[in-house]
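First up is the structure itself, then whatever we jot down about it.
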Amino acid sequence: SQTIHQWPATLVQPVGSPLSLECTVEGTSNPNLYWYRQAAGRGLQLLFYSVGIGQISSEVPQNLSASRPQDRQFILSSKKLLLSDSGFYLCAWSLTSGETQYFGPGTRLLVL
Amino acid sequence: AQTVTQSQPEMSVQEAETVTLSCTYDTSENNYYLFWYKQPPSRQMILVIRQEAYKQQNATENRFSVNFQKAAKSFSLKISDSQLGDTAMYFCAFMKGHYQLIWGAGTKLIIKP
Chain E
1 SQTIHQWPAT LVQPVGSPLS LECTVEGTSN PNLYWYRQAA GRGLQLLFYS VGIGQISSEV
61 PQNLSASRPQ DRQFILSSKK LLLSDSGFYL CAWSLTSGET QYFGPGTRLL VL
Chain L
113 AQTVTQSQPE MSVQEAETVT LSCTYDTSEN NYYLFWYKQP PSRQMILVIR QEAYKQQNAT
173 ENRFSVNFQK AAKSFSLKIS DSQLGDTAMY FCAFMKGHYQ LIWGAGTKLI IKP
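Those sequence lines, one after another, are chains E and L. Going by the numbering used here, the first residue of the first sequence is number 1, and it counts up by one from there. Going by the numbering used here, the first residue of the second sequence is number 113, and it counts up by one from there.
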């Protein structure tokens with residue numbers, strides 16, 4: 001069966017510091033991968049998605065970036081965090097486009 | 113633009129009762145997918161049920177079922193024999209294109225013992 005991991009689970013970072021969140025999927029090959037952000041008490045906002053290694057599409061312009069260095073690894077990065085980057089970040093995978101998305105446990109990010 | 117509306121910010125029912133969560137959406141597409149996800153206090157997003165718009169039959173998963181009314185653009189979730197573990201935020205979502213899920217604001221469901 002497939003599993004999805006995210007780390008760290010919680011992160012507190014100062015404004016202006018860099019960010020690296022990691023997501024890995026096990027038990028499948030060439031999945032679609034997604035990064036979402038959830039503000040408190042709200043639904044999710046799609047940030048990036050990837051259909052293959054090195055292929056990244058951005059849905060929302062911001063100071064965040066994503067990379068997919070390996071088939072089942074998806075990384076969310078920032079060079080300089082803003083206060084507004086605080087939130088709950090969820091990674092998801094799907095077998096292919098249009099299929100159900102399955103979510104990881106998420107990372108709580110607090111920027112101070 | 114596609115939108116998803118959940119008009120009930122919070123609901124509470126007694127354990128073992130049946131509860132229905134409402135969801136309406138707006139789209140001009142004919143073929144699409146709709147989802148209900150639950151988010152317990154752990155905040156992991158968990159799939160509850162999925163409905164393909166081209167299927168007239170309502171999806172069911174054990175105690176969870178949907179009432180899909182395509183013409184009315186309505187997609188409600190019914191939870192039968194509710195359990196304490198059903199306490200969570202419930203989100204309705206619409207798949208825009210092949211990648212992007214458009215989410216409602218969520219309904220907080222509390223199951224009381």
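Built from N, CA and C at the ideal position, the CB exists for glycine as well. Since the structure is predicted, the reported quantities are computational estimates derived from the model, not experimental observations.
Neighbours of W215/L in chain E, taken as residues at a C-beta separation under 7 Å, are given in chain order as G43 and L44. Y89/E has a beta carbon lying at 8 Å or more from every beta carbon in chain L. Per DSSP, the unbroken beta strand (DSSP E) holding S50/E starts and ends at L44 to G52. Around the CB of N63/E, fewer than 16 other CB atoms lie within 10 Å, so the residue is classed as exposed. Residue state for D198/L is assigned as helix, using DSSP reduced to three classes. Short of 6 Å from the beta carbon of R108/E, and not among the five residues preceding or following it, lie these beta carbons of its own chain, in chain order: T10 and F88. Within the DSSP secondary-structure output, T115/L pairs in a beta bridge with D138/L.
Within its own chain, the residues whose Cβ lies closer than 6 Å to the Cβ of R162/L, once the five positions on either side in sequence are excluded, are F147, listed in chain order. Not flagged as an interface residue toward chain L: Q70/E, since no C-beta distance is shorter than 8 Å.
Across the structure, E173/L and S192/L are spaced so that their CA atoms are roughly 11 Å apart. Taking 3 residues as the shortest admissible run, the region 80–106 of chain E contains the following complete beta strand (DSSP E) segments, listed from N- to C-terminal end: 87–94. For A39/E, the CB contacts under 6 Å within the same chain, skipping 5 residues up- and downstream, are G87 in chain order. Boundaries of the beta strand (DSSP E) harbouring S20/E: L19 to E26, taken from the DSSP string.
Straight across, the Cα-Cα distance linking S57/E with L83/E is about 24 Å. The three-state secondary structure of E129/L, taken from DSSP, is coil. Taking a cut-off of 8 Å for Cβ pairs, the region 90–106 of chain E and the region 119–137 of chain L do not touch, as fewer than three such pairs fall below it. In the DSSP assignment, R37/E falls within the beta strand (DSSP E) that extends over N32 to Q38. For the region 74–100 of chain E, the beta-carbon criterion of a distance under 7 Å to any beta-carbon of chain L is satisfied by F88, L90, S97, G98 and T100.
Membership of V60/E in any beta strand (DSSP E) is not indicated, and neither H nor E is assigned to it by DSSP. Chain-order list of chain E residues neighbouring F203/L: G43, by C-beta distance under 7 Å.
Around K208/L, the same chain offers Q114 and I214 as residues with beta carbons nearer than 6 Å, after the five sequence neighbours per side are excluded. Among the residues facing chain E, G197/L is not included, as its CB has no counterpart in that chain under 8 Å away. Residues of the region 155–177 of chain L with a C-beta less than 8 Å from any C-beta of chain E: R155, Q156, M157, I158, L159 and R162, listed in chain order.
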